[in-house]
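I have placed the structure first, in the form of structure tokens, so that the comments after it can refer back to it.
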Amino acid sequence: LEFASDIVQKLNTILVTSPELAEFRRRLKSLETRVALFTTLYRSWCHSAVSVFSLCLLAQAYEHASNLLSIFADLEITVAMLVQIDKLVQLIESPVFTYLRLQLLEPERYPYLFKCLYGLLMLLPQSSAFVSLHNRLNAVNSAGFLHRFPAS
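Its first residue numbered 84, the sequence shown is counted upward by one per residue in the working numbering.
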């Protein structure tokens, strides 16, 4: 299973960072093609907790991603997992996730997005990734955008 997890992590990095897959990422967000594509990838991506969470962010499946955080709480949070979360936070600051950062300005439409990002923040030790994500969330809050977490 460790081998499968390593492969999925590499595939996820390629999916998120490769310019050649921009159209594929658009299809993953599109309502018409999202479900089938998401389901197909999800089956394999489940071999890596952080990769499947990243896939949910790409597909804008924020409610499901927030549910995954509850499962993360039951997992052993290893150094390797923290490194993966750190890399994901760095990727959230990349152009690929611009749409996600802009959605933070609409908390009433994307309440689970806040829950996802605050959940990641709570998993991270205080590090550069923690500071980066904390600053991003504080920027939205200080701009006067109130967020309401959905009831679990």
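Built from N, CA and C at the ideal position, the CB exists for glycine as well.
Computed from a prediction, not measured in an experiment: that's the story for all the values here.
Top-ranked residue by Cα proximity to residue i, from the options
i           : options            : result
residue 188 : 115, 103, 225, 85  : 225
residue 127 : 85, 102, 160       : 85
residue 117 : 129, 206, 101, 142 : 142
residue 210 : 93, 146, 162       : 162
residue 221 : 208, 197, 206      : 197
residue 155 : 132, 140, 145      : 132
residue 95  : 129, 206, 113, 114 : 129
residue 87  : 107, 105, 134      : 134
residue 223 : 190, 107, 89       : 190
residue 181 : 158, 115, 109      : 109
Secondary structure of residue i, DSSP reduced to three states
i           : result
residue 210 : coil
residue 168 : helix
residue 173 : helix
residue 305 : Residue 305 cannot be examined here, being either before or after the span of the chain that is shown, 84 to 235.
residue 114 : coil
residue 144 : coil
residue 190 : coil
residue 131 : coil
Integer Cβ distance of residue i from residue j, believed to fall under 8 Å
i           : j           : result
residue 179 : residue 137 : Residue 179 to residue 137, Cβ: 10 Å. No contact.
residue 212 : residue 173 : 7 Å
residue 199 : residue 145 : 6 Å
residue 208 : residue 151 : So it is not a contact: roughly 20 Å between Cβ atoms.
residue 216 : residue 183 : No, residue 216 and residue 183 are not in contact; Cβ-Cβ is about 12 Å, not under 8 Å.
residue 206 : residue 160 : 7 Å
Extent of the continuous alpha helix (DSSP H) to which residue i belongs
i           : result
residue 117 : 117 to 128
residue 181 : 181 to 186
residue 92  : 85 to 100
Close Cβ partners of residue i (< 6 Å) along its chain, the five nearest in sequence each way excluded
i           : result
residue 121 : 142
heavy atom of the ligand SAM below 8 Å from residue i C-beta
i           : result
residue 132 : Within the structure as shown, the ligand SAM is missing, as the structure has no ligands at all.
Minimum Cβ-Cβ distance from residue i to chain B less than 9 Å
i           : result
residue 174 : Of the protein chains in the structure, only one exists, and it is not chain B.
Same chain only: Cβ atoms within 7 Å of residue i, ignoring 5 sequence neighbours per side
i          : result
residue 92 : 131, 134, 167
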